[in-house]
Amino acid sequence: MENKRIIGVFDDEKNLFDSIDLVQEKGYKISDVITPFAIEEIFDKLKLKTRINIAAYFYGAIGGVLGIYLSLYYMAVISYPLNIGGKPTLSLSFVILIFVGTILAVVTGTLMTFFIIDKKGPGAKEHFQYEGITDDKFLILIEMTPDLSAEDVKKINAIFKNNGALKVDEK
Amino acid sequence: MYKKSVRGILIKGNKTYGEITEQVLASQEKKAPLWWYFAMFVFSVMFLAGIWAIAMTIKEGIGLWGNNNNVAWGWAIINFVWWIGIGHAGTAFSIFLLVLRQRWRTSINRAAEAMTVFAVLAAGLFPMIHMGRIWNAFFIFPYPNTRGPLWVNFNSPLFWDVVAISTYLFTSAAFWYLGMLPDLATVRDRSKSKIKRKIYDIASFGWVGSARSWLRYEVTAVIVGGVAAPLVIAVHSIVAMDFATSVFPGWHTTIFPPYFVVGAIFSGFAMVLTLMIVIKVAFKLDDFVTEGHLDAIGRILTFVSLIMGSSYATEIFIAWYSGVEGEMFTFFHNRITGEYAFQFWAMVTCNAIIPQLFWFKKVRRSLLMLFIISIIINIGMWFERFNIVVTSLSKDFLPATWVEYHATNIEILTYLGTIGLFGVGVLLFIRYIPMMAMNELKMVNKPTSTIDK
Numbered sequence: 001m002e003n004k005r006i007i008g009v010f011d012d013e014k015n016l017f018d019s020i021d022l023v024q025e026k027g028y029k030i031s032d033v034i035t036p037f038a039i040e041e042i043f044d045k046l047k048l049k050t051r052i053n054i055a056a057y058f059y060g061a062i063g064g065v066l067g068i069y070l071s072l073y074y075m076a077v078i079s080y081p082l083n084i085g086g087k088p089t090l091s092l093s094f095v096i097l098i099f100v101g102t103i104l105a106v107v108t109g110t111l112m113t114f115f116i117i118d119k120k121g122p123g124a125k126e127h128f129q130y131e132g133i134t135d136d137k138f139l140i141l142i143e144m145t146p147d148l149s150a151e152d153v154k155k156i157n158a159i160f161k162n163n164g165a166l167k168v169d170e171k
Numbered sequence: 001m002y003k004k005s006v007r008g009i010l011i012k013g014n015k016t017y018g019e020i021t022e023q024v025l026a027s028q029e030k031k032a033p034l035w036w037y038f039a040m041f042v043f044s045v046m047f048l049a050g051i052w053a054i055a056m057t058i059k060e061g062i063g064l065w066g067n068n069n070n071v072a073w074g075w076a077i078i079n080f081v082w083w084i085g086i087g088h089a090g091t092a093f094s095i096f097l098l099v100l101r102q103r104w105r106t107s108i109n110r111a112a113e114a115m116t117v118f119a120v121l122a123a124g125l126f127p128m129i130h131m132g133r134i135w136n137a138f139f140i141f142p143y144p145n146t147r148g149p150l151w152v153n154f155n156s157p158l159f160w161d162v163v164a165i166s167t168y169l170f171t172s173a174a175f176w177y178l179g180m181l182p183d184l185a186t187v188r189d190r191s192k193s194k195i196k197r198k199i200y201d202i203a204s205f206g207w208v209g210s211a212r213s214w215l216r217y218e219v220t221a222v223i224v225g226g227v228a229a230p231l232v233i234a235v236h237s238i239v240a241m242d243f244a245t246s247v248f249p250g251w252h253t254t255i256f257p258p259y260f261v262v263g264a265i266f267s268g269f270a271m272v273l274t275l276m277i278v279i280k281v282a283f284k285l286d287d288f289v290t291e292g293h294l295d296a297i298g299r300i301l302t303f304v305s306l307i308m309g310s311s312y313a314t315e316i317f318i319a320w321y322s323g324v325e326g327e328m329f330t331f332f333h334n335r336i337t338g339e340y341a342f343q344f345w346a347m348v349t350c351n352a353i354i355p356q357l358f359w360f361k362k363v364r365r366s367l368l369m370l371f372i373i374s375i376i377i378n379i380g381m382w383f384e385r386f387n388i389v390v391t392s393l394s395k396d397f398l399p400a401t402w403v404e405y406h407a408t409n410i411e412i413l414t415y416l417g418t419i420g421l422f423g424v425g426v427l428l429f430i431r432y433i434p435m436m437a438m439n440e441l442k443m444v445n446k447p448t449s450t451i452d453k
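Chains as they are written, first to last, in the working numbering: chain E, 1 to 171; chain B, 1 to 453.
Below you can see the structure in the form of structure tokens.
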């Protein structure tokens, strides 16, 4: 069974930032922050990183440039070399198709990567539900692992309360 | 995501986040207004008429159109290019401003992208029915077949077009949907009926909004947007090359790709303006679509209109400067004067002259003027495509074959049908999908509404 979590509910980014800082200072591990919109400061504070951009580069380089070039080479040069006015079968104009094909490869690959690693898709279950998280509430989630004593829970509660949390919840 | 400094107040009224959700979704959670049903009826009738015309075309053949030996590309290609042009702005608007980190895109991008998707769908219809035997349409894709295998001609701009436009349709639809996920989740969480909740639950892909998701989401959006920006340029350049790689006077020019791209952005921005004014007025979203937003679009249109004007002038100058008789004839006797003079001057007036009124602040601040001029620009852009397609084709190098071209009723109905398709799409969009990117509005809310004066 999953551990319960302490939830600090905020309605303002400033209070949220302060609480995140204080909680981290005290050495507690924040398991997640849920916000209704993207906030870059939080990525920095939680030291989150993603490698989707690196993946995207390889989709373009391998899937697009190499893949499209090779398939064009196969189709136009090996499989059925068309003689159009004696022009070379491997034409420079393939650059245009490679260009567009690369974009298609990057878009498809990046989106699929995003949906797979983030476990999103039609019918995917929400991993967490709370009133107002997609509207105007900001949540800090701290997992109540067994080594978190009752004292710690109280301290976290106090931090949240002192920094303008609307309420502190457990779920 | 948005780091550029502020340009005026983008969201009026010092709103809280809750109020933004409330006000953007208000129009959907209420019953649909009467005009919505009326507009839906009108556009549906147009759409059905178009379907009938298309069915007739498929049943009887292209002979029902006004096309003839010379003018082999008539309204179908004109409308195709026109719709593709409109379809460009959505993504151009949304993505260029995303890459430039302009905050004022946030209240407009969703509608612009929706418009793109429907316009590209409408555009894609024309080449398909123009083939005559639509059931063979899959021949245009390269696949191992029983004919040799005979592949398509990879050097043909027409094939590049197939690839570019399908890529563009996929990319812009995907980008649109990706941007929608968090907002669909908002609708899901607010919905009271079980069925609605279930539908939006599936549609929102289980979005919650944890920090990790947001980071991945942002990076994905920037990458998809970033690679789509050159795609926008590529698609319309390729459409231009459909014309420019031929040897017809009036088509055979190197100016075509940039000229078409700029034209596309021009007509698309005008359509965005039309749509935003409708949304602003119909749903009273004045706080989100402020005068500043419309003013900014007006300024861009002025600038683009100048580019259009100089493109027209360049074309004419080069026709004279080249000394090629065919070019001279096309431009001076078949466009500026001659039987198509009306279309030519309509194009110049609508695209290069009337938008210059936007130099006046009064005009940029007047909703009515903005609306009228945005419609005029779209009409002008249609005439531009008419000019390019028909004048060059109708009188080519062999005077014995010169013909006139007149559209038949079937062609007109097909065109109306695509307008119907577009209208129905947009109406469904404003009814069932959050028409402004709420999560992005919330992102720019604090820094852009609290700074006063």
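Built from N, CA and C at the ideal position, the CB exists for glycine as well.
| Asked | Found |
| --- | --- |
| So, are the CB atoms of Met-436/B and Arg-110/B less than 8 Å apart? | yes |
| One question on the structure: do Ser-31/E and Leu-141/E come within less than 8 Å of each other, judged by their Cβ atoms? | yes |
| Which two residues bound the contiguous alpha helix (DSSP H) that contains Phe-283/B? | Run containing Phe-283/B: none; DSSP gives neither H nor E here. |
| What residue ranges within the stretch 411 to 452 of chain B form continuous alpha helix (DSSP H) runs of no fewer than 4 residues, ordered along the chain? | 438 to 449 |
| Per DSSP, Leu-141/E is paired with what? | Ile-7/E, Asp-32/E |
| Output the boundary residues of the beta strand (DSSP E) element that contains Glu-170/E. | 167 to 170 |
| Out of curiosity, what's the CA-to-CA distance linking Phe-479/B and Gly-109/E? | Because chain B spans 1 through 453 in this model, residue 479/B falls outside it and cannot be assessed. |
| Taking 8 Å as the cut-off, decide whether the C-beta atoms of Phe-114/E and Ile-52/E are in contact. | yes |
| Give me the subset of the stretch 2 to 29 of chain E whose CB atoms are less than 8 Å from a CB atom of chain B, sorted by chain position. | Asp-11, Glu-13 |
| Keeping to the same chain, check which residues put their C-beta closer than 6 Å to that of Asn-68/B; ignore five residues upstream and five downstream. | Val-403 |
| Going by Cα to Cα distance, which pick from Ile-96/E, Leu-97/E, Val-95/E, Ala-76/E is closest to Tyr-89/E? | In the sequence on display, residue 89/E carries Thr and not Tyr. The candidate whose alpha carbon is nearest that of Thr-89/E is Ala-76/E. |
| Can you name the residues of chain E whose CB is closer than 8 Å to the CB of Glu-29/B? | By Cβ distance, chain E contributes nothing, its closest Cβ being about 13 Å from Glu-29/B, past 8 Å. |
| Using a threshold of 8 Å, state whether the C-beta atoms of Gly-420/B and Ser-44/B are closer than that. | yes |
| With 7 Å as the C-beta to C-beta threshold (strictly closer), list the residues of the stretch 130 to 157 of chain E near chain B in chain order. | Ile-133, Thr-134, Asp-135, Asp-136 |
| Looking at C-beta atoms only, is the number of pairs between the stretch 156 to 170 of chain B and the stretch 231 to 241 of chain B that lie closer than 8 Å three or more? | yes |
| Going by C-alpha distance, which of Leu-46/E, Phe-17/E, Ile-78/E is nearest Leu-150/B? | Ile-78/E |
| Inspect the beta-carbon positions of Leu-64/B and Ile-300/B and report whether they are closer than 8 Å. | no |
| Using the three-state DSSP reduction, which class does Ser-210/B fall into: helix, strand or coil? | strand |
| Of the choices Ala-119/B, Leu-416/B, Asn-351/B, whose alpha-carbon is the least far from that of Met-384/B? | The question names Met, but residue 384/B in the sequence shown is Glu. Taking only the C-alpha atoms, the option nearest Glu-384/B is Asn-351/B. |
| Name, please, each residue of chain B whose Cβ falls closer than 8 Å to the Cβ of Met-75/E. | Pro-142, Trp-151, Phe-154 |
| Against chain E, does Met-436/B count as a neighbour if the rule is that its beta carbon must be under 8 Å from one of theirs? | no |
| Between Leu-166/E and Ile-7/E, is the Cβ-Cβ spacing less than 8 Å? | no |
| Which residues of the stretch 194 to 219 of chain B have a Cβ closer than 9 Å to any Cβ of chain E? Give them in chain order. | Asp-201, Ile-202, Ala-203, Ser-204, Phe-205, Gly-206, Trp-207, Val-208, Gly-209, Ser-210, Ala-211, Arg-212, Ser-213, Trp-214, Leu-215, Arg-216, Tyr-217, Glu-218, Val-219 |
| Let me make sure I understand the geometry here. Which of Trp-82/B, Phe-38/B, Trp-35/B, Ile-108/B has the alpha-carbon closest to that of Asp-286/B? | Ile-108/B |
| Name, please, each residue of chain B whose Cβ falls closer than 9 Å to the Cβ of Gly-63/E. | Chain B residues near Gly-63/E: none, gap ~12 Å exceeds 9 Å. |
| Tell me which residues share the same chain as Ile-51/B and place their Cβ nearer than 8 Å to its Cβ, disregarding the 5 neighbours each side in the sequence. | Gly-417 |
| Helix, strand or coil for Ile-51/B, going by three-state DSSP, please let me know. | helix |
| Determine whether the beta carbon atoms of Ser-267/B and Met-381/B lie at a separation below 8 Å. | yes |
| Buried or exposed: where does Glu-440/B fall if 16 or more other Cβ atoms within 10 Å of its Cβ makes it buried? | buried |
| Would you list, in sequence order, the uninterrupted alpha helix (DSSP H) runs of no fewer than 4 residues that lie entirely inside the stretch 67 to 127 of chain E? | 69 to 73, 94 to 117 |
| Decide if Arg-105/B is buried, meaning its Cβ has at least 16 other Cβ atoms within 10 Å, or exposed. | buried |
| Using only the alpha-carbon positions, how far apart do Ser-5/B and Asp-12/E sit? | For Ser-5/B, the predicted model reports a pLDDT of 49, less than 50, meaning its position is unreliable; a value from the coordinates is still stated below. One C-alpha to the other measures close to 22 Å. |
| Evaluate the contact criterion for the stretch 223 to 232 of chain B versus the stretch 88 to 95 of chain B: three or more CB pairs, one atom per stretch, below 8 Å. | yes |
| Assuming contact is defined by CB atoms lying nearer than 8 Å, are Val-24/B and Met-328/B in contact in what I supplied? | no |
| Output the residue ranges of the alpha helix (DSSP H) runs that lie fully inside the stretch 40 to 103 of chain B and measure 4 residues or longer, sorted by chain position. | 75 to 91 |
| Any Cβ of chain B within less than 8 Å of the Cβ of Leu-48/E? | yes |
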